[in-house]
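S.K.:
Number of protein chains: 2
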Amino acid sequence: MTAGGSVPPETSRSETTLPAGGPGGAEAGALAELARFARALAHPHRLRLLGLLAQGPRTVEALAGAAGLGVASASQHLGVLRRQRLVEAERHGLYVEYRLAGDDILNLWLELQKAAARHSRRLAELAREAAGLEAGGGGPPLEAAELAGRLGRVLLIDLRPAVEFAAGHLPGARSLPAEELAARPEALEELARQEGPAQAVAYCRGPYCFLGRSALPLLARRFPRVGLLAGGFAAWKAEGYPVERGAGTAG
Amino acid sequence: MTAGGSVPPETSRSETTLPAGGPGGAEAGALAELARFARALAHPHRLRLLGLLAQGPRTVEALAGAAGLGVASASQHLGVLRRQRLVEAERHGLYVEYRLAGDDILNLWLELQKAAARHSRRLAELAREAAGLEAGGGGPPLEAAELAGRLGRVLLIDLRPAVEFAAGHLPGARSLPAEELAARPEALEELARQEGPAQAVAYCRGPYCFLGRSALPLLARRFPRVGLLAGGFAAWKAEGYPVERGAGTAG
DNA sequence: GGTATATTCAATGCCGCGGTTGAATAACGG
DNA sequence: CCGTTATTCAACCGCGGCATTGAATATACC
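Which chain is which? The protein sequence lines are S and G, in order.
All the letters of the first sequence, read from the start, carry residue numbers -5 to 245 under my numbering.
All the letters of the second sequence, read from the start, carry residue numbers -5 to 245 under my numbering.
1. Would you say I151 (chain S) reaches chain G, if we count a Cβ-Cβ gap shorter than 8 Å as a contact?
2. Taking the straight line between their C-alpha atoms, what separation do you get for E184 (chain G) and E173 (chain G)?
3. I'd like the list of long-range same chain contacts for G16 (chain G), defined as Cβ closer than 8 Å, with 5 residues on each side in sequence excluded.
4. Within the stretch 168 to 205 of chain G, note down every full alpha helix (DSSP H) run reaching 4 residues or more, in order along the chain.
5. In three-state DSSP terms, what is G59 (chain G)?
6. Quick one: is S67 (chain S) buried, meaning 16 or more other Cβ sit within 10 Å of its Cβ, or exposed?
7. Could you tell me whether the Cβ atoms of L205 (chain G) and L164 (chain G) are closer together than 8 Å?
8. Nearest chain S C-beta to S169 (chain G) closer than 8 Å, yes or no?
9. Would you kindly work out how many angstroms separate the C-alpha atoms of P51 (chain S) and L212 (chain G), rounded to a whole number?
10. Do you know how far the Cα of A109 (chain S) is from the Cα of T243 (chain G)?
11. I want to verify the contact list: residues of chain S whose CB lies under 9 Å from the CB of Q193 (chain G), in sequence order.
12. Which residues in chain G have a C-beta closer than 7 Å to the C-beta of D98 (chain S)? List them in chain order.
13. With a threshold of 6 Å on Cβ separation, who are the neighbours of E82 (chain S) within its own chain once the five nearest residues in sequence on each side are excluded?
14. Using CA coordinates, which residue listed in S:L150, S:A177, S:C198, S:Q188 is at the minimum distance from A125 (chain S)?
15. Can you check DSSP and say which residues form a bridge with G221 (chain S)?
16. With a threshold of 8 Å between beta-carbons, can H37 (chain S) be considered close to chain G, or not?
17. Can you tell which of S:G143, S:R187, S:C203, S:Q193 has its C-alpha closest to the C-alpha of P171 (chain S)?
18. Candidates G:R33, G:P38, G:E27: which alpha carbon is nearest A20 (chain S)'s?
19. Suppose the cutoff is 8 Å on Cβ atoms and the five residues either side in sequence are ignored; what does the same chain contact list for G240 (chain G) look like?
20. So H113 (chain G) and L80 (chain S) are supposed to be a Cβ contact under 8 Å. How far apart are they, rounded?
21. Measure how close the beta-carbons of A224 (chain S) and E137 (chain S) come, nearest whole angstrom, since I'm counting them as under 8 Å.
22. If you follow the alpha helix (DSSP H) that R77 (chain S) is in, where does it begin and where does it stop?
23. Find out if the Cβ-Cβ distance for the pair A156 (chain S), S169 (chain S) is shorter than 8 Å.
24. Taking E27 (chain G) and R116 (chain S) to be in contact with their CB atoms under 8 Å, please state how far apart those CB atoms are, rounded to whole angstroms.
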């Protein structure tokens, strides 16, 4: 019945296109505003900047460097984000420090990512690849909730740059930047010797952080069943699990 | 220490801008794809189309009419949404029926809206206005969870056009399109006489649906403590509460 | 097979975003 | 008060999104 019929699905009565006088304008205004907000998210550079800010507050120059942007360009993109209140800026002397305007922004970022991954084949592949599933070595990724229940009993390895580790990391984690691991594989042995547990879990920034992918094979030589934390530091923080600061166990 | 100092926050070691050879490209690709996905959301017309599709599947022509767009324009915007897998299309004879690609899309829409409302003063105002708080009359808005607990004991009034009511509505709701209410206020009395409860709750499409705002004062003349369901049908459905179809109690 | 209708495709023109560059502003240090 | 440095502003330009129009495609009815 539904398939074959060609009955016009509905008569073209005015429905709700009203004379477009009153409240219709309000709805249009709201949607325009909402679209501006969404548009602030809808640029690869800004998504990356937000991903970096999820690791902790940073200055413009640091963000530009980490994102591979020119300073002026980074500043402009940060300006767009600030105008839509996705980030906040505070001046500290000579530097301006940007930070996420709230944990809900991080959540939104991750919701966007998850929805996109569910609906785009390519993004799903990339997420699997970032999780190290294709790279060989190591066990399956670990959800934040799973890891939270095992906190004291595994060796937590933070693969992010030391600056981001210092700005906040999982409780008890040890810093071993992927860059250093690649340059001095023996650093892993030094770190592992001080610790007991045979189980290790590594993590990096977030869903599309590829630090883990390159590091995983190296880690797996010492910890055969090492797993990556799904969603990285970003997902951990977004789900409300505790974050530790300072406490220098830096590599 | 943090405030006064002018020590460069971090040395400009390469950090993670790596030689930009390998995985950096993968991350850039992922973010570009994610940005395309987000950009599909970031247009007022497409946000409106998605909001309409949240009420139920519709044809291109119906969507164009309800959104106040030309048919070609609506088709193009729907094409953008379809390419990013936010909506699906199925041909039924002469007509093409579009629908949301999943409930997670509806969720994403609402998450975006909530985050934006939290961070934009203007959007927060508009949301309050749509909820009828400024329009006078009636009680405070009702959360879906609250309403779910009172389902059999209140008169549920669906203010959306009959077509959308037919495509799905809250269990036991009665259809009283805002347009009809405005044209024949006595229709409310007819509907109320058949029912017992002194409490009534009305709802419309979603967060920025202004049907409720104009209808609320009229409703309040008969039901002094009438409230609007916060987030409308969209929020109800997104939170997983049951939806009823057909069962013609249409006004 | 021919006609009518719904939808999509293609082409055009315009506006605004985004990158780049260079100058202006704000703060620190002497 | 002047030089230095971080950041932002302003102006330029090019690309791509978006609206509009008209043609092409797909399907149904006769």
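Every residue, glycine too, gets a C-beta built ideally from N, C-alpha and C.
M.R.: In short:
1. Translated into positions along the first sequence, residue 151 (chain S) becomes position 157. No, I151 (chain S) does not count as interfacial toward chain G.
2. By one-based count along the second sequence, residue 184 (chain G) stands at place 190. By one-based count along the second sequence, residue 173 (chain G) stands at place 179. Straight-line Cα distance between these residues: approximately 16 Å.
3. Taking the first residue of the second sequence as 1, we reach residue 16 (chain G) at position 22. Low local confidence applies: a pLDDT of 47 at G16 (chain G) is under 50, so the model's placement there is unreliable, with the coordinate-based value given in what follows. Hits under 8 Å: none found.
4. 172 to 177, 180 to 187
5. As a working mapping, residue 59 (chain G) is identified with position 65 in the second sequence. G59 (chain G): helix per DSSP, three-state reduction.
6. By 1-based counting over the first sequence, the position of residue 67 (chain S) is 73. That one is exposed.
7. On the second sequence, residue 205 (chain G) is found 211 positions in, with the first residue counted as 1. On the second sequence, residue 164 (chain G) is found 170 positions in, with the first residue counted as 1. Contact: no.
8. The residue labelled residue 169 (chain G) in the question sits at position 175 within the second sequence. So no, S169 (chain G) is outside the interface.
9. As a first step, residue 51 (chain S) must be located in the first sequence, where it is residue number 57. As a first step, residue 212 (chain G) must be located in the second sequence, where it is residue number 218. One C-alpha to the other measures close to 51 Å.
10. Sequence index remark: in the second sequence, residue 243 (chain G) carries index 249 (1-based). Sequence index remark: in the first sequence, residue 109 (chain S) carries index 115 (1-based). Low per-residue confidence applies at T243 (chain G): pLDDT is 48, beneath 50, and the placement is therefore not dependable, though the value from the model is reported in the following sentence. For T243 (chain G) and A109 (chain S), the distance between alpha carbons rounds to 36 Å.
11. Within the second sequence, residue 193 (chain G) is the residue found at index 199, counting from 1. Neighbours of Q193 (chain G) on chain S: none; closest Cβ ~26 Å, over 9 Å.
12. Taking the first sequence and counting its residues from 1, the one referred to as residue 98 (chain S) is at position 104. Neighbours of D98 (chain S) on chain G, chain order: A109, R112.
13. For the purposes of this step, residue 82 (chain S) is taken as the residue at position 88 of the first sequence. The answer, listed in chain order, is R93, A95.
14. As a working note, residue 125 (chain S) is residue 131 in the first sequence. Of the listed residues, the one whose Cα sits closest to A125 (chain S) is S:C198.
15. Sequence index remark: in the first sequence, residue 221 (chain S) carries index 227 (1-based). Bridge partners of G221 (chain S): S:V195.
16. Against the first sequence, residue 37 (chain S) aligns to sequence position 43. Yes, H37 (chain S) lies at the interface with chain G (some Cβ there is under 8 Å from its Cβ).
17. Looking up residue 171 (chain S) in the first sequence gives position 177. If we check each option's Cα against that of P171 (chain S), S:C203 comes out closest.
18. Counting from one through the first sequence, the residue named residue 20 (chain S) turns up at place 26. Just measuring C-alpha positions, the residue of G:R33, G:P38, G:E27 sitting nearest A20 (chain S) is G:P38.
19. In the second sequence, residue 240 (chain G) corresponds to position 246, counting from 1. Within the same chain, G240 (chain G) has close Cβ partners A160.
20. The count along the second sequence starts at 1 and reaches residue 113 (chain G) at position 119. The count along the first sequence starts at 1 and reaches residue 80 (chain S) at position 86. Confirmed, about 7 Å.
21. On the first sequence, position 230 is the one that residue 224 (chain S) refers to. On the first sequence, position 143 is the one that residue 137 (chain S) refers to. A224 (chain S) to E137 (chain S), Cβ: 5 Å. Contact.
22. Taking the first residue of the first sequence as 1, we reach residue 77 (chain S) at position 83. Per DSSP, the unbroken alpha helix (DSSP H) holding R77 (chain S) starts and ends at 65 to 77.
23. Within the first sequence, residue 156 (chain S) is the residue found at index 162, counting from 1. Within the first sequence, residue 169 (chain S) is the residue found at index 175, counting from 1. It is a contact, given that the beta carbons lie within the stated cut-off.
24. Taking the second sequence and counting its residues from 1, one reaches residue 27 (chain G) at position 33. Taking the first sequence and counting its residues from 1, one reaches residue 116 (chain S) at position 122. Indeed they touch by this definition, with Cβ atoms about 6 Å apart.
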